[in-house]
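Here the structure is laid out as structure tokens; the discussion comes afterwards.
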Amino acid sequence: MKTSEKNVKQFTDALEAMLMKMQEVDNSCIEVSKDLSKREFGLVVLLGKHKSLIMKEVADFTGVPMSTATGIVDKLVNKGYLMRFYSEEDRRIIRIGLSKYGKELYEMLESMMNMFGQHILDGFSDEERQQFIFLMQKATQNLDFKLKAEATS
393 MKTSEKNVKQ
403 FTDALEAMLM
413 KMQEVDNSCI
423 EVSKDLSKRE
433 FGLVVLLGKH
443 KSLIMKEVAD
453 FTGVPMSTAT
463 GIVDKLVNKG
473 YLMRFYSEED
483 RRIIRIGLSK
493 YGKELYEMLE
503 SMMNMFGQHI
513 LDGFSDEERQ
523 QFIFLMQKAT
533 QNLDFKLKAE
543 ATS
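Residue 393 is where the sequence shown starts when you use this note's numbering, and the numbers rise one by one after that.
See the structure below:
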């Protein structure tokens with residue numbers, strides 16, 4: 393079913409307003425870690441969620457060439473946020489993970505993001521919360537599907 397232009401406009405206006413608010417939260421999170429660039433900050437969050445990755449996964453997740461990913465990781469290791477270690481399954485593989493300092497930062501950032509999520513969901517009834525979460529997940533799937541389809545065509 394084709395979406396009307398009016399619905400698309402209402403949606404994009406609401407999305408833009410939410411993204412602006414999310415940018416405020418993002419900026420306050422970055423304030424906590426002033427010595428990190430946005431890309432470095434994103435990698436700390438990524439590793440907080442995934443625990444450890446190999447360099448190829450870091451490059452793939454961040455969408456940058458391997459050489460750029462290596463430079464970002466090197467800076468974060470030097471700043472004390474990340475560490476390199478050998479894989480337990482295959483000693484030839486070097487994994488990247490958060491250091492103690494990086495884990496502390498991630499936990500603080502996660503707490504701030506959870507507070508932001510709480511603020512959004514507090515204004516909804518239980519039923520609206522479930523519906524909102526479902527629709528957010530569905531929107532993400534729709535976008536992922538469309539982007540993958542465009543990439544292969």
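Backbone N, C-alpha and C define an ideal beta-carbon position, used for all residues, glycine too. From a predicted model like this one, the values you see are computed outputs, not experimental measurements.
- When DSSP states are grouped into helix, strand and coil, residue 420 belongs to the helix group.
- Assigned with DSSP and collapsed to three states, residue 516 falls in coil, not helix or strand.
- Following the DSSP letters along the chain, one finds residue 476 inside the beta strand (DSSP E) bounded by residues 474-478.
- With a cut-off of 8 Å on Cβ pairs, the region 435-445 is in contact with the region 461-472, counting three or more such pairs.
- Residue 489 carries a strand assignment under DSSP once its states are collapsed to helix, strand and coil.
- Residue 481 has its alpha-carbon roughly 45 Å from the corresponding atom of residue 408.
- Taking the C-beta atoms as reference points, residue 535 is found no nearer than 7 Å to residue 488.
- Put simply, the backbone Cα of residue 478 is about 14 Å away from that of residue 443.
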